[in-house]
Amino acid sequence: MTRITDLSLLAGWLPVVSTVLGAVGAAWLLIAHTRRYVTTIMPIMVLTAAVLIMALYLFVEEVWRPFSDPIAVSVYVLIGIAVAAVLLVVPRILVRRTVGAGLVTVLAAIVVLVAVGVRINRAAADTGGWTQFRAEGVWVGEQLPSPVVRHAPTP
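In my numbering, each residue carries its 1-based index in the sequence shown increased by 392.
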């Protein structure tokens, strides 16, 4: 039996399962039996998420620039999916006014958020985004090497 700390978020069965469950959760949030939800409410929420993410992209990449390299556009798309999932929770609960459907809707949004987090983690690992942390030993718990003191050559 493996401990939960031994599970990998980058390889193995966990990323696959979280992605599949995230897709099922997203389908639950997007599909409803009312025409008004599908034709009006859901597109408004998705477009609102897209506008928010475009504003975030412009702010982070053009104004703030917290990193030396730009963040991959795929990461912004994944963040947009997460924002859309959060924005769709309340309208989806109002469409189905039962407690069970409300709980499933909240669970679906949580599953989408987890799946997006795993995909962002994988995207960062694939592009080398976490290499600086690995090199410094921050994430893997390694001892940091002692600093090397270099002396100036004597004349």
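Glycine residues also receive a C-beta, built at the ideal position from the N, C-alpha and C atoms.
Taking 8 Å as the cut-off, does the stretch 497-506 touch the stretch 472-479 (at least 3 CB pairs, one atom from each stretch)?
With the cut-off at 8 Å, the stretch 472-479 and the stretch 497-506 touch.
Work out the CA separation of residue 465 and residue 418 for me, nearest whole Å.
Against the sequence shown, residue 418 aligns to sequence position 26. Against the sequence shown, residue 465 aligns to sequence position 73. Cα-Cα distance, rounded: 20 Å.
Is residue 428 buried or exposed, if buried means 16 or more other CB atoms sit within 10 Å of its CB?
Position 36 of the sequence shown, counted from the start, is the residue given in the question as residue 428. The residue is exposed, with fewer than 16 neighbouring Cβ atoms inside 10 Å.
Quick check: what's the CA-CA separation for residue 519 versus residue 443?
Here residue 519 corresponds to residue number 127 of the sequence shown, with the count starting at 1. Here residue 443 corresponds to residue number 51 of the sequence shown, with the count starting at 1. Between residue 519 and residue 443, the C-alpha separation is close to 26 Å.
If you draw a straight line from the C-alpha of residue 433 to the C-alpha of residue 441, how long is it?
For this step, residue 433 is matched to residue 41 along the sequence shown. For this step, residue 441 is matched to residue 49 along the sequence shown. Cα-Cα distance, rounded: 12 Å.
Which first and last residues belong to the alpha helix (DSSP H) in which residue 456 is found?
One-based indexing of the sequence shown puts residue 456 at position 64. Note, residue 456: premise wrong, no alpha helix (DSSP H); not H, not E.
Given 8 Å as the limit, is there contact between the stretch 504-515 and the stretch 448-455, that is, 3 or more CB pairs closer than that?
The stretch 504-515 is not in contact with the stretch 448-455.
Would you call residue 472 buried or exposed, if buried means 16 or more other Cβ atoms sit within 10 Å of its Cβ?
To locate residue 472, count along the sequence shown from 1; it is residue 80. With 16 or more Cβ atoms within 10 Å of its Cβ, residue 472 is classed as buried.
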